[in-house]
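Protein chains in written order, with this note's numbering: chain V, 62 to 275; chain D, 62 to 275. Notes follow the structure.
Number of protein chains: 2
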Amino acid sequence: MKKDVSQVVVRRMPRYYRYLGQLLEDNVERISSERLSEIMNVTASQIRQDFNNFGCFGQQGYGYNVKFLRDEIGKVLGLDKTHNMIIIGSGNLGRALASHGAFHKQGFIVTAMFDIDKKLSGTKINDIEIRSMDELEGFIKKNRVDIAAITVPAEVAQELADRLVSLGVKALWNFAQLDLEVDSDVIVQNVLLSDSLMRLSLNMTRKRVLDDND
Amino acid sequence: MKKDVSQVVVRRMPRYYRYLGQLLEDNVERISSERLSEIMNVTASQIRQDFNNFGCFGQQGYGYNVKFLRDEIGKVLGLDKTHNMIIIGSGNLGRALASHGAFHKQGFIVTAMFDIDKKLSGTKINDIEIRSMDELEGFIKKNRVDIAAITVPAEVAQELADRLVSLGVKALWNFAQLDLEVDSDVIVQNVLLSDSLMRLSLNMTRKRVLDDND
DNA sequence: AATATATCAATAATAATATATCAAAAATAA
DNA sequence: TTATTTTTGATATATTATTATTGATATATT
Chain V
62 MKKDVSQVVV RRMPRYYRYL GQLLEDNVER ISSERLSEIM NVTASQIRQD
112 FNNFGCFGQQ GYGYNVKFLR DEIGKVLGLD KTHNMIIIGS GNLGRALASH
162 GAFHKQGFIV TAMFDIDKKL SGTKINDIEI RSMDELEGFI KKNRVDIAAI
212 TVPAEVAQEL ADRLVSLGVK ALWNFAQLDL EVDSDVIVQN VLLSDSLMRL
262 SLNMTRKRVL DDND
Chain D
62 MKKDVSQVVV RRMPRYYRYL GQLLEDNVER ISSERLSEIM NVTASQIRQD
112 FNNFGCFGQQ GYGYNVKFLR DEIGKVLGLD KTHNMIIIGS GNLGRALASH
162 GAFHKQGFIV TAMFDIDKKL SGTKINDIEI RSMDELEGFI KKNRVDIAAI
212 TVPAEVAQEL ADRLVSLGVK ALWNFAQLDL EVDSDVIVQN VLLSDSLMRL
262 SLNMTRKRVL DDND
């Protein structure tokens with residue numbers, strides 16, 4: 062039984078992976094938490110605590126081996142395996158995901174797209190075939206699907222999620238502007254663009270509210 | 062001395078706005094924190110604490126008036142004003158943002174798009190003209206620009222951010238996979254798709270559900 | 001080889017966040 | 001009207017997250 066890692070830690074892990082990748086590119090062989098903390102603008106304590114949630118990757122007096130650490134964090138992030146992903150909805154957002162090369166490099170393979178519009182059936186985006194929604198059941202039964210990206214209108218997203226979950230999909234990457242209700246063994250990761258924009262807006266209006274003023 | 066609201070609270074505000082909108086559509090006139098907490102799956106305490114960061118919107122023995130509360134939270138989120146937004150990069154992601162109708166409804170008006178590819182100059186997406194990057198300076202000087210959405214490759218994003226900031230843009234909605242370095246009076250809101258996907262992947266091996274968007 | 005320095009992992013201390021409690025105000029019922 | 005119930009906003013408590021400290025162990029220096 063793995064101990065539960067908190068989501069604040071989870072949120073930080075990809076950032077570490079990103080910076081370690083950069084260090085690797087720059088041929089940095091080893092790094093201390095102190096040095097990394099300067100580069101990343103966080104405390105060295107937090108870095109060590111975060112890493113130690115997943116294992117002891119460092120060595121006293123030496124620091125962390127960049128290559129080893131990045132690989133270990135990669136494993137934590139599941140990047141040592143490949144994940145088959147389908148995209149439901151071939152609107153602009155669906156197409157953006159399909160043609161985003163970085164995912165493939167990290168082991169997230171888009172195996173199919175689906176769209177309600179049958180006129181699109183058979184056409185391809187970035188070599189990925191668009192299929193009719195009627196084919197969803199058959200496709201998932203024949204092919205392993207680890208992740209489904211949902212880029213359909215919010216009005217039909219819950220219904221779609223139910224359909225995907227009933228077919229055994231355990232991870233949903235949700236771009237529809239609502240909270241999906243799913244069984245507790247299904248993971249939902251939201252990317253809610255409107256929410257993000259509103260946060261930006263909120264922070265814009267409050268940024269000048271400084272301590273001594275009022 | 063007005064205390065700064067913490068980002069954990071900021072992160073939750075758009076979700077309240079969303080649920081209150083739903084209640085309004087369902088013609089619910091008033092609601093208690095207790096009832097809302099059941100619907101939203103959080104504690105009533107947290108809801109009251111969150112709201113009280115921005116004002117006293119409720120009434121003992123009555124609860125919250127849905128219409129009033131939603132309007133107040135709307136103001137907190139800056140939705141009572143309009144924000145002029147430009148999009149830099151007219152790839153799939155840029156086009157997805159440009160054609161996403163919901164932003165406009167919430168007062169975020171896309172006034173122009175820019176792309177390095179001069180062949181696209183003059184063409185339109187969702188009635189928004191694509192301009193050459195050469196026109197950036199001129200456009201920003203002539204037109205108020207509140208927010209710039211950055212959907213260019215990571216390699217050129219920092220350089221672009223510097224350019225935008227030097228032209229006086231104070232808010233960046235960043236989709237490029239890197240941490241932008243900007244003056245402290247500039248707000249950066251990241252939407253890092255790869256990071257989000259990695260978090261999903263991490264959670265898949267460790268089971269949990271939660272929201273994204275920092 | 002001996003000593004000094006670097007640095008982690010674990011633990012303790014502090015700070016931030018979330019939840020529970022409660023007095024007072026307002027609504028509702030009697 | 002008066003009593004009872006509801007429900008907030010404020011405050012107290014509990015929990016979680018972050019930062020600092022410490023002891024152990026590796027590396028570097030003399």
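Positions of the beta carbon are idealized from the N, C-alpha and C atoms, including for glycine.
*Could you tell me the boundaries of the beta strand (DSSP E) in which ILE211 (chain V) lies?*
Here the question's residue 211 (chain V) lines up with position 150 in the first sequence. Residue range 208 to 211 is occupied by the beta strand (DSSP E) that includes ILE211 (chain V).
*Compare the C-beta of ARG72 (chain V) against all C-beta atoms of chain D and say whether one is closer than 9 Å.*
Stepping through the first sequence from its first residue, residue 72 (chain V) is reached at position 11. Output row for ARG72 (chain V): interface = yes.
_GLN120 (chain D) to LEU84 (chain D) span [Cα, whole Å]_ = Stepping through the second sequence from its first residue, residue 120 (chain D) is reached at position 59. Stepping through the second sequence from its first residue, residue 84 (chain D) is reached at position 23. Roughly 18 Å between the two C-alpha positions.
*Would you kindly report the start and end of the unbroken alpha helix (DSSP H) that includes GLN250 (chain V)?*
For the purposes of this step, residue 250 (chain V) is taken as the residue at position 189 of the first sequence. Segment 248 to 251 is the beta strand (DSSP E) holding GLN250 (chain V); no alpha helix (DSSP H) there.
_ASP207 (chain V) beta carbon less than 9 Å from that of MET265 (chain D)_ = Numbered from its first residue, the second sequence carries residue 265 (chain D) at position 204. Numbered from its first residue, the first sequence carries residue 207 (chain V) at position 146. For MET265 (chain D) and ASP207 (chain V), yes; Cβs fall inside 9 Å.
*State the Cα-Cα distance for the pair GLU196 (chain V) and ARG267 (chain V), rounded to the nearest angstrom.*
To locate residue 196 (chain V), count along the first sequence from 1; it is residue 135. To locate residue 267 (chain V), count along the first sequence from 1; it is residue 206. Taking the Cα positions, GLU196 (chain V) is about 49 Å away from ARG267 (chain V).
*asked:* Are the CB atoms of MET174 (chain V) and GLY155 (chain V) within a distance shorter than 9 Å?
replied: Stepping through the first sequence from its first residue, residue 155 (chain V) is reached at position 94. Stepping through the first sequence from its first residue, residue 174 (chain V) is reached at position 113. With a cutoff of 9 Å on beta-carbon distance, GLY155 (chain V) and MET174 (chain V) are scored as near each other.
*Do the segment 216 to 236 of chain D and the segment 134 to 143 of chain D meet, that is, are 3 or more Cβ pairs less than 8 Å apart?*
Touching, no, given that fewer than three Cβ pairs across the two stretches are closer than 8 Å.
_Cβ neighbour criterion (16 or more within 10 Å) applied to ASP275 (chain V)_ = Start at 1 with the first residue of the first sequence, and residue 275 (chain V) comes out as number 214. Because the pLDDT at ASP275 (chain V) is just 26, under 50, the model does not fix this residue reliably, and the point stays unresolved.
*Just by C-beta distance, which residues in the segment 131 to 143 of chain V are closer than 8 Å to chain D?*
Within the segment 131 to 143 of chain V, the residues whose Cβ lies closer than 8 Å to some Cβ of chain D are VAL137, LEU138, GLY139, LEU140, listed in chain order.
*Confirm, please, whether the CB-CB distance from PRO214 (chain V) to ALA18 (chain V) is below 9 Å.*
Since the first residue of chain V shown is 62 and the last is 275, residue 18 (chain V) is not available in this structure.
*With a threshold of 16 other CB atoms inside 10 Å of the CB of ASP65 (chain V), please say whether the residue is buried or exposed.*
Locating residue 65 (chain V) in the first sequence gives position 4, counting from the first residue. Looking at its Cβ environment, which holds fewer than 16 other Cβ atoms inside 10 Å, ASP65 (chain V) is exposed.
*Excluding the five sequence neighbours on either side, which residues of its own chain have a C-beta within less than 7 Å of the C-beta of GLY152 (chain V), listed in chain order?*
Counting from one through the first sequence, the residue named residue 152 (chain V) turns up at place 91. Scanning its chain for C-beta atoms nearer than 7 Å, with the 5 sequence neighbours on each side dropped, one finds around GLY152 (chain V) the residues THR212, in chain order.
*For GLY82 (chain V), which residues from the same chain have a beta carbon less than 7 Å from its beta carbon, with the 5 sequence-adjacent residues on both sides left out?*
Counting from 1 along the first sequence, the entry for residue 82 (chain V) is found at position 21. Counting only Cβ-Cβ distances below 7 Å, and skipping sequence neighbours, we find ARG131.
*asked:* Tell me whether the segment 71 to 81 of chain D and the segment 101 to 111 of chain D touch, counting them as touching only if at least three CB pairs, one residue from each stretch, are closer than 8 Å.
replied: Short answer: they touch.
*The alpha helix (DSSP H) spanning ALA173 (chain D) covers which residue range?*
Position 112 of the second sequence, counting from 1, holds the residue named residue 173 (chain D). Element bounds for ALA173 (chain D): not the alpha helix (DSSP H) but the beta strand (DSSP E), 169 to 176.
*asked:* In the DSSP assignment, the alpha helix (DSSP H) including ILE165 (chain V) goes from what residue to what residue?
replied: Mapped onto the first sequence, residue 165 (chain V) falls at position 104. One detail in the question is off: residue 165 (chain V) reads as His in this sequence, not Ile. HIS165 (chain V): member of the alpha helix (DSSP H) spanning 162 to 166, first to last residue.
*Per-residue DSSP class, three states only, for ARG269 (chain D)*: Within the second sequence, the letter at position 208 stands for residue 269 (chain D). Only weak support exists for where ARG269 (chain D) lies, its pLDDT of 46 falling under 50; the value from the coordinates is given anyway. Three-state DSSP puts ARG269 (chain D) in coil, outside helix and strand.
*List, in order along the chain, the chain D residues whose C-beta lies closer than 9 Å to that of PRO75 (chain V)?*
Locating residue 75 (chain V) in the first sequence gives position 14, counting from the first residue. Within chain D, the residues whose beta carbon sits less than 9 Å from that of PRO75 (chain V) are LEU253, SER255, ASP256, SER257, LEU258, MET259, ARG260, LEU263, listed in sequence order.
*Under the three-state reduction of DSSP, which class applies to ARG192 (chain D): helix, strand or coil?*
Within the second sequence, numbered from 1, the residue matching residue 192 (chain D) stands at position 131. Shown here, ARG192 (chain D) sits in a strand according to DSSP, grouped into three states.
*asked:* Can you look up ARG224 (chain D) in the DSSP assignment and give me helix, strand or coil?
replied: Counting from 1 along the second sequence, the entry for residue 224 (chain D) is found at position 163. Three-state result, ARG224 (chain D): helix.
*Identify which residue in D:GLY124, D:VAL127, D:GLY150 has its Cα closest to the Cα of GLU216 (chain D).*
Taking the second sequence and counting its residues from 1, one reaches residue 216 (chain D) at position 155. Nearest C-alpha to GLU216 (chain D): D:GLY150.
_Using C-beta distances below 6 Å, list every residue in its chain close to ILE177 (chain D), excluding the 5 sequence neighbours before and after it, in chain order._
Along the second sequence, read from residue 1 onward, the residue named residue 177 (chain D) stands at position 116. Result list for ILE177 (chain D): MET194, in chain order.
*Of the choices D:GLY229, D:ASP256, D:LEU228, whose alpha-carbon is the least far from that of LEU239 (chain D)?*
Taking the first residue of the second sequence as position 1, residue 239 (chain D) is located at position 178. When each option's Cα is compared against that of LEU239 (chain D), the closest is D:ASP256.
*Can you give me the start and stop residues for the alpha helix (DSSP H) that ILE153 (chain D) sits inside?*
Here residue 153 (chain D) refers to the residue found at position 92 when the second sequence is read from its first residue. What sits at residue 153 (chain D) in the sequence shown is Asn, not Ile. Per DSSP, ASN153 (chain D) belongs to the alpha helix (DSSP H) from 153 to 159.
*Note down, in chain order, each residue of its chain lying with its Cβ closer than 8 Å to the Cβ of MET146 (chain V), except the 5 sequence neighbours on either side.*
The sequence position of residue 146 (chain V) within the first sequence is 85, counting from 1. Closer than 8 Å at the Cβ level, and outside the excluded window around MET146 (chain V), lie PHE164, PHE169, ILE170, VAL171, THR172, VAL206, ASP207, ILE208, ALA209, ALA210, TRP234.
*Is ASN264 (chain D) near the ligand GDP, in the sense that its beta carbon is under 8 Å from a heavy atom of that ligand?*
The model depicted lacks the ligand GDP and carries no ligand whatsoever.
*What does LEU154 (chain D) reach in chain V if we use C-beta pairs closer than 7 Å?*
For the purposes of this step, residue 154 (chain D) is taken as residue 93 along the second sequence, with counting starting at 1. For LEU154 (chain D), the C-beta contacts it makes with chain V under 7 Å involve ALA157, in order along the chain.
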